[in-house]
Amino acid sequence: MLSERGAEVTIVERNELGSGASRGNAGFMCTTLLEPLAAPGAVRSALTSLNDPTRALRVHARALPGMVGWGMHFARSATQKRYVAGRVALAKLNLRHTEALNLLGTLGTDITLGPELVVPFKDPALAEHYLSTLAPMADYGVELPQGLLDGDEMRRIVPALADTIRAGYVVKGDHSVDPRVFVDSMISAVRSRKITVIEHARVTSVGRSDRRINSLTTTKGTLTFDEVILAAGAGSRPLGKLFDLRIAVVPGQGYNVGLPVSQALTHPVIFEEAHAVATPFADRIRLGGTMEFDGLEPRFDQRRVDAILASMRQFINLEFDAHFDTWSGSRPMSPDGLPLMGRPRQYDNVVIAAGHGMFGLSLTPTSALALTELVLDGRSSIDLADFDPDRFRIRNLVASAR
Ligand SMILES: Cc1cc2nc3c(=O)[nH]c(=O)nc-3n(C[C@H](O)[C@H](O)[C@H](O)COP(=O)(O)OP(=O)(O)OC[C@H]3O[C@@H](n4cnc5c(N)ncnc54)[C@H](O)[C@@H]3O)c2cc1C
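All letters in the sequence shown, in the order written, are residues 1 to 402 by the working numbering.
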């Protein structure tokens, strides 16, 4: 979008374009199911996971020292009031989702949407509860499910669902995309424009004077510019340190695994009871889930993949034994589940675009629109007040403790 509006753009990437979480994720393009991880009960769930490698939400004891400040902000956010406020903020950010997605489409990104998302449950009471949490989204153009369906109705929509499923609903505004197709087409659109891409380049230092960053020195040379956008996903915190910025983002590792396609999986499904998803693509079903906090360089743990496969067997009938292509990648997790987008107070020519957490694919179009306007027009027509990158200050913790 920046380039389309006449900006001269250079992308510096430490690996290759598309090597991050955006291409490996589950492909849910949501406007309705958006929610922060910091929900009531999340702190207890995280703390009790310390010694259990199979829990969907897991914190490693070795990661704790690096998460003290982050964890305090997370705990502060995990109240009912702040959780609902977080949902509303995400809904407001995505109000112009369709317009922004179509704009990406006109610029060359493949925005073909798959079928609607389906949310099945074993426990009808839990289904009722999850459905009720969607209520605040109704004020933001989101069409809510009309009510609960029973198990047989759910199996008529998605024949692969197991007999254990007794309730659920269809989310009309949320769909899947194949994130490989989405990201690859975006990369092609980038490469077809006058955009300079420098891959396999590590930023080693930054040059600054007063309130401006003037240069970036990378392993492939030094760059000068008017503006710098810091958007390094789960790697944003260490990169921010070079700028003397404290970016409150930690990696939240997730896994996925491929299964053979099945005509019986007609829709993407999310099993809230297992915190796992299954998304049908043309060449595979992508089964994924889990949230693992394991420090800045998370390690791959096969037990977590096995746990996803084992738990999913209770919900859906697929060819689990034929699984292939296991992948892990990290979500850029902020404490309150909202992105960090905007100018940090320290600098006049730096913009942060990080912390998109569990929904960075879904938030891509509106974030791109908002940040393009911020950089080129000095302000965004999308209100970014909830996403202030400076909001995680110690003094905010002190104020909330009073
Ligand atoms: C298992 C899993 C499932 C998910 N499912 C969904 C979903 O269904 N729907 C949804 O909306 N979201 C989903 N997400 C979240 C989504 O993928 C992320 O929020 C999103 O990809 C973040 O985008 P990003 O551009 O910030 O980071 P990334 O896509 O990870 O890109 C960051 C890039 O920055 C580069 N980089 C890092 N550090 C540096 C550095 N120092 N210098 C230069 N380059 C650097 C990396 O190499 C990488 O290419 C999922 C995530 C995971 C892990």
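Glycine is no exception: its CB is placed at the ideal position from the N, C-alpha and C atoms. Keep in mind it's a predicted model, so treat the numbers as computed, not measured.
Residue 51, buried or exposed, once every other Cβ within 10 Å from all chains shown has been counted against 16:
Looking up residue 51 in the sequence shown gives position 51. With fewer than 16 Cβ atoms within 10 Å of its Cβ, residue 51 is classed as exposed.
Nearest candidate by alpha-carbon position, reference residue 250, set 32, 205, 67:
For the purposes of this step, residue 250 is taken as the residue at position 250 of the sequence shown. Ranking 32, 205, 67 by Cα distance to residue 250 puts 67 first.
Quick check: what's the CA-CA separation for residue 124 versus residue 131?
Translated into the one-based positions of the sequence shown, residue 124 becomes position 124. Translated into the one-based positions of the sequence shown, residue 131 becomes position 131. Cα to Cα, residue 124 sits roughly 10 Å from residue 131.
Please tell me whether, using a cut-off of 7 Å, the distance from the CB of residue 311 to the nearest non-hydrogen atom of ligand 1 is below it.
Here the question's residue 311 lines up with position 311 in the sequence shown. Result no, Cβ not under 7 Å from ligand 1.
Within a Cβ cutoff of 8 Å, which residues of the same chain sit near residue 361, ignoring the five residues on either side of it in sequence?
Counting from one through the sequence shown, the residue named residue 361 turns up at place 361. Hits under 8 Å: 22, 25, 27, 28, 29, 177, 179, 182.
Measure the C-alpha to C-alpha separation of residue 104 and residue 111 and round it to an integer number of angstroms.
Here residue 104 refers to the residue found at position 104 of the sequence shown. Here residue 111 refers to the residue found at position 111 of the sequence shown. Computed Cα separation, rounded: 8 Å.
In whole angstroms, give me the CA-to-CA distance for residue 96 and residue 366.
Taking the first residue of the sequence shown as 1, we reach residue 96 at position 96. Taking the first residue of the sequence shown as 1, we reach residue 366 at position 366. So the alpha carbons of these two residues sit roughly 7 Å apart.
Could you spell out the range, first to last residue, of the beta strand (DSSP E) harbouring residue 408?
Nothing can be reported for residue 408: it is not among the residues displayed for the chain, which extend from 1 to 402.
Closest to residue 151 by C-alpha separation, out of 167, 139, 142, 136, would be which residue?
Looking up residue 151 in the sequence shown gives position 151. Residue 167 is the option with its Cα nearest to residue 151.
For residue 333, which residues does DSSP report across the bridge?
Reading the sequence shown from its first residue, position 333 is the one you call residue 333. Bridge partners of residue 333: 250.
What residues in its chain sit with their C-beta under 6 Å from that of residue 271, if we drop five residues either side in the sequence?
Counting from 1 along the sequence shown, the entry for residue 271 is found at position 271. 315, listed in sequence order.
Strictly by DSSP, which residues pair up with residue 70?
Taking the first residue of the sequence shown as 1, we reach residue 70 at position 70. The partner list for residue 70 (beta bridge, DSSP) is empty, contrary to what the question assumes.
Between the C-alpha atoms of residue 225 and residue 371, what's the straight-line distance to the nearest angstrom?
For the purposes of this step, residue 225 is taken as residue 225 along the sequence shown, with counting starting at 1. For the purposes of this step, residue 371 is taken as residue 371 along the sequence shown, with counting starting at 1. When rounded, the distance between both Cα atoms is 17 Å.
Strictly by DSSP, which residues pair up with residue 293?
In the sequence shown, the residue the question calls residue 293 occupies position 293. DSSP, once it has assigned bridges, lists 59 as partnering residue 293.
What ranges does the alpha helix (DSSP H) occupy inside the stretch 151-237, keeping only unbroken runs of at least 4 residues that lie completely in it?
151-157, 179-191
Mind checking which residues open and close the alpha helix (DSSP H) that includes residue 305?
If you number the sequence shown from 1, residue 305 lands on position 305. Taken as a continuous stretch (DSSP letters only), the alpha helix (DSSP H) holding residue 305 covers 302-312.
Beta-bridge pairing of residue 28 - partner residues as DSSP gives them
Taking the first residue of the sequence shown as position 1, residue 28 is located at position 28. Bridge partners of residue 28: 176.
Outcome for residue 159 when other beta-carbon atoms lying within 10 angstroms are tallied against a minimum of 16
Here residue 159 refers to the residue found at position 159 of the sequence shown. Exposed, by the Cβ-count rule.
Would you mind sorting residue 35 into buried or exposed? The rule is 16 or more other CB atoms within 10 Å of its CB.
For the purposes of this step, residue 35 is taken as the residue at position 35 of the sequence shown. Result: buried.
Would the beta-carbon of residue 332 be found less than 7 Å away from any heavy atom of ligand 1?
Here residue 332 corresponds to residue number 332 of the sequence shown, with the count starting at 1. Yes - ligand 1 has a heavy atom lying nearer than 7 Å to the Cβ of residue 332.
By the 10 Å Cβ neighbour count, where 16 or more other Cβ atoms means buried, how is residue 359 classified, buried or exposed?
Here residue 359 refers to the residue found at position 359 when the sequence shown is read from its first residue. Buried is the call here.
Measure from the alpha carbon of residue 299 to the alpha carbon of each residue in 288, 269, 255, then state which is nearest.
Here the question's residue 299 lines up with position 299 in the sequence shown. Nearest option by C-alpha distance: 255.
At a threshold of 7 Å, does residue 359 count as lining ligand 1 (C-beta to nearest heavy atom)?
Against the sequence shown, residue 359 aligns to sequence position 359. The answer is yes for residue 359.
Alpha carbon to alpha carbon, how far is residue 248 from residue 172?
Locating residue 248 in the sequence shown gives position 248, counting from the first residue. Locating residue 172 in the sequence shown gives position 172, counting from the first residue. Cα to Cα, the separation comes out at about 33 Å.
Taking residue 37 as the reference, give the member of 12, 78, 17 with the closest Cα.
The count along the sequence shown starts at 1 and reaches residue 37 at position 37. Of the listed residues, the one whose Cα sits closest to residue 37 is 78.
Judging by CA-CA distance, which residue of 227, 326, 295, 318 is the nearest neighbour of residue 349?
As a position in the sequence shown, residue 349 is number 349, starting the count at 1. Of 227, 326, 295, 318, the residue nearest in Cα terms is 227.
Where residue 45 sits in the DSSP three-state scheme
For the purposes of this step, residue 45 is taken as the residue at position 45 of the sequence shown. Correct three-state label for residue 45: helix.
Is the closest heavy atom of ligand 1 to the C-beta of residue 356 under 7 Å?
Against the sequence shown, residue 356 aligns to sequence position 356. Correct: residue 356 has its Cβ closer than 7 Å to ligand 1.
Using a threshold of 7 Å, is the CB atom of residue 49 nearer than that to any non-hydrogen atom of ligand 1?
Position 49 of the sequence shown, counted from the start, is the residue given in the question as residue 49. Not under cutoff, so the answer is no.
Contact check, residue 9 vs residue 2 under 8 Å by CB: the rounded distance?
On the sequence shown, position 9 is the one that residue 9 refers to. On the sequence shown, position 2 is the one that residue 2 refers to. Indeed, because the Cβ distance is near 5 Å, the residues count as touching under 8 Å.
So the alpha helix (DSSP H) residue 372 belongs to, where does it begin and stop?
What you label residue 372 is simply residue 372 of the sequence shown in a count that begins at 1. That run of the alpha helix (DSSP H) goes 364-377.
Which parts of the stretch 82-129 are runs of the beta strand (DSSP E), unbroken and 3 residues or longer, counting only runs that do not cross its ends?
116-121
For ligand 1, is there any heavy atom lying closer than 7 Å to the beta carbon of residue 91?
Here residue 91 refers to the residue found at position 91 of the sequence shown. For ligand 1, not one heavy atom lies less than 7 Å from the Cβ of residue 91.
State the CB to CB distance for the pair residue 101 and residue 189, rounded to an integer number of angstroms; the pair is presumed to be in contact (CB under 8 Å).
The residue labelled residue 101 in the question sits at position 101 within the sequence shown. The residue labelled residue 189 in the question sits at position 189 within the sequence shown. Rounded, the Cβ-Cβ distance is 14 Å, inconsistent with contact.
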